[in-house]
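The sequence shown begins at 1 in our numbering and counts up one residue at a time.
Where is the CB? At the ideal position from N, CA and C, for every residue including glycine.
Let me begin by presenting the structure, written as structure tokens, before commenting on it.
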Amino acid sequence: MSDLHRQPGVRSGQTGDTGNRLDPWFDQYAERAQNLRASEIRALFSVVSRPEVVSLAGGMPNLKDLPLDRLADSAAQLIRQHGDVAMQYGNGQGWEPLRERITEVMSYDGIVGADPDDIVVTTGSQQALDLVTEVFVDPNDVVLAESPSYVGALGVFRARQADVVHVDLDQDGLIPEALEATIKKLKGQGRRIKFLYTVPNFHNPAGVTLSESRRPQIVDICMREGILIVEDNPYGLLGFHSDPLPALKSYSPDGVVYLGSFSKMFAPGFRIGWAFAPHAIREKLKLASESAILCPSMMGQMAIGQYLSDFDWYGQVKQFRSMYQERCNAMLTALAEFMPDCTWTTPEGGFYTWVTLPEGLDAKSMLPRAVRGLVAYVSGTAFYYDGRGANHMRLSFCYPTPAQIREGVRRLSVVVNAEKELVDMFGAGFIPEDVAGLQVIPPHPVEDIGPASDAR
Ligand SMILES: Cc1ncc(COP(=O)(O)O)c(C=O)c1O
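Have a look at this one:
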């Protein structure tokens with residue numbers, strides 16, 4: 001390394017010698033830091049944030065219907081009246097009054113009589129996922145996850161050096177027979193399976209829900225095989241027709257760590273989620289959380305506590321449900337009209353549908369052409385640990401308006417159809433750049449195309 005490229009203050013023979021031109025510390029990172037990668041979705045963010053792009057990529061909740069003025073007054077009052085507590089450090093496990101309220105929220109999931117002492121409040125359920133992985137997973141341990149699975153969970157598992165093995169799902173969620181067969185195979189190979197990670201309600205990204213009859217089957221299999229279940233349920237209250245089916249946790253209080261979140265049923269801004277765990281696991285999670293963050297934000301916890309007490313939070317949830325249902329209908333109708341060569345899942349709640357492209361199409365390589373055509377989605381490859389998923393895409397209907405969704409799907413269909421023509425003509429994998437470059441799509445104007453969403 002020449003002096004020119006050395007960091008100021010790093011002398012020859014010291015750390016800086018092992019780096020490279022861009023990063024003098026390159027060779028000093030822990031091995032696990034090699035596993036830290038920007039998700040495919042975040043990498044897209046800067047491009048799809050352009051206002052003219054219709055983003056069907058993001059998982060941002062639509063907060064326009066929240067009573068922001070009243071929430072502002074409530075936050076001001078909180079600081080004025082209880083600022084000495086709200087602005088202070090709190091306890092690592094989370095503010096007790098909020099933990100009590102969380103037990104009421106979970107009763108909508110069929111979890112009755114939960115002990116607030118078995119709850120750890122976290123910085124979003126994303127932190128809870130990280131904590132569970134930290135306390136259970138050694139490098140190369142197996143985590144079972146649906147096929148496909150939430151990209152943010154895969155990021156945590158990768159960062160913690162887990163080996164993820166996917167288990168098939170269908171329109172009724174995780175397939176019990178596939179779970180059994182996968183466990184048998186892995187145990188036959190002498191692998192250590194640490195837990196099953198599952199999103200039973202309104203799956204991200206698949207948009208499907210685990211059927212009521214499969215729930216006890218999945219729990220039975222895992223209990224018989226001694227495998228912990230991590231049940232991630234941020235969308236449970238956002239079913240279009242009803243409250244959620246009973247949580248897996250309600251079938252096996254000792255065998256399931258349940259993760260909840262206020263991000264989708266209220267708003268992600270305060271970054272408050274929770275883990276509800278068997279007591280011994282709860283203790284480990286609390287210790288791990290204290291070591292990571294000392295305590296969750298008191299301001300956030302108290303603001304949410306106040307929201308649950310002083311606002312009609314369940315009425316708000318109902319309003320969200322019908323708003324998302326209208327958007328989902330707009331998407332399904334547009335898919336049927338514009339993309340008849342594709343298939344897709346029919347969500348009963350949540351934010352997403354999972355689209356399967358005609359054979360030979362590759363959603364990942366098609367993405368730049370779609371963005372050029374002013375529409376964005378997430379390639380299915382983001383949701384697999386092993387590079388699969390190229391003929392799928394996740395479309396989200398949570399943030400754009402119904403008119404934007406319709407126009408977004410129309411734009412997407414132009415790209416998909418052009419791509420299909422090329423594949424039919426030349427075979428898969430042959431999309432020359434100059435031909436692809438011809439796909440400039442005259443966008444229909446749509447009212448109020450807001451900023452595209454960052455995506456989870
Ligand atoms: C399935 C799933 N789990 C967890 C999270 C993280 O949510 P938060 O950390 O905002 O609670 C998300 C966010 O989109 C998600 O979709």
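Here N201 is actually not in contact with G59; their C-beta atoms are around 15 Å apart, not less than 8 Å. Only residues of its own chain outside the window of five on either side were considered, and among them F270, R271, I272 have a CB closer than 7 Å to the CB of G300, listed in chain order. Under DSSP, the beta-bridge partners assigned to L228 are F195.
The alpha helix (DSSP H) runs of length 4 or more contained entirely in the stretch 279-356 are, from start to end of the chain, 279-293, 298-310, 313-338. For I119, the three-state secondary structure derived from DSSP is strand. Judged by pairs of C-beta atoms under 8 Å, the stretch 298-318 touches the stretch 72-79, as three or more such pairs exist. For the 7 Å CB-CB criterion, V409 and F338 form a contact. Judged by their CB atoms, F26 and N20 are nearer to each other than the 7 Å cut-off. As DSSP reads the structure, M366 sits in no beta bridge. The stretch 25-82 is shown to contain whole alpha helix (DSSP H) runs of 4 or more residues at 40-48, in chain order.
As the crow flies, the alpha-carbon of T381 is around 23 Å from that of L186.
Taking 4 residues as the minimum length, the alpha helix (DSSP H) runs contained wholly in the stretch 151-176 are 151-159, in order along the chain. Checking the DSSP bridge columns, you'll see M425 has no partner listed.
Straight-line measurement puts the Cα of C398 at about 10 Å from the Cα of M331. Per DSSP, the unbroken beta strand (DSSP E) holding Y258 starts and ends at 256-261. In this structure, S55 has its CB at a distance of at least 6 Å from all heavy atoms of ligand 1. When only Cα atoms are considered, S242 and Y108 end up about 10 Å apart. Ordered along the chain, residues surrounding ligand 1 are G59, G124, S125, Q126, Y150, G152, V199, N204, D232, P234, S261, S263, P268, G273, R456 [Cβ under 6 Å from any heavy atom]. By the Cβ rule, the stretch 246-257 counts as touching the stretch 213-228, because three or more pairs are nearer than 8 Å. A contact is defined here as three or more CB-CB pairs under 8 Å, and the stretch 372-388 meets this definition with respect to the stretch 153-162. A direct Cα-Cα distance of roughly 45 Å separates P97 from L335.
According to the DSSP secondary-structure assignment, W274 is paired through a beta bridge with V121, G260. Exposed is the label assigned to T343, since fewer than 16 other Cβ atoms lie within 10 Å of its Cβ. A check of alpha carbon separations from V423 across S396, R394, D362 identifies D362 as the nearest.
Judged by their CB atoms, T182 and V199 are not nearer to each other than the 7 Å cut-off. Between the stretch 356-370 and the stretch 190-199, the count of C-beta pairs closer than 8 Å stays below three; the two stretches do not touch.
Three or more beta-carbon pairs drawn from the stretch 279-296 and the stretch 86-102 are found closer than 8 Å, and the two stretches are therefore classed as touching. Taking the Cα positions, L169 is about 5 Å away from I175.
With respect to the 7 Å criterion, L179 and L395 are not classified as neighbours on the basis of their beta carbons.
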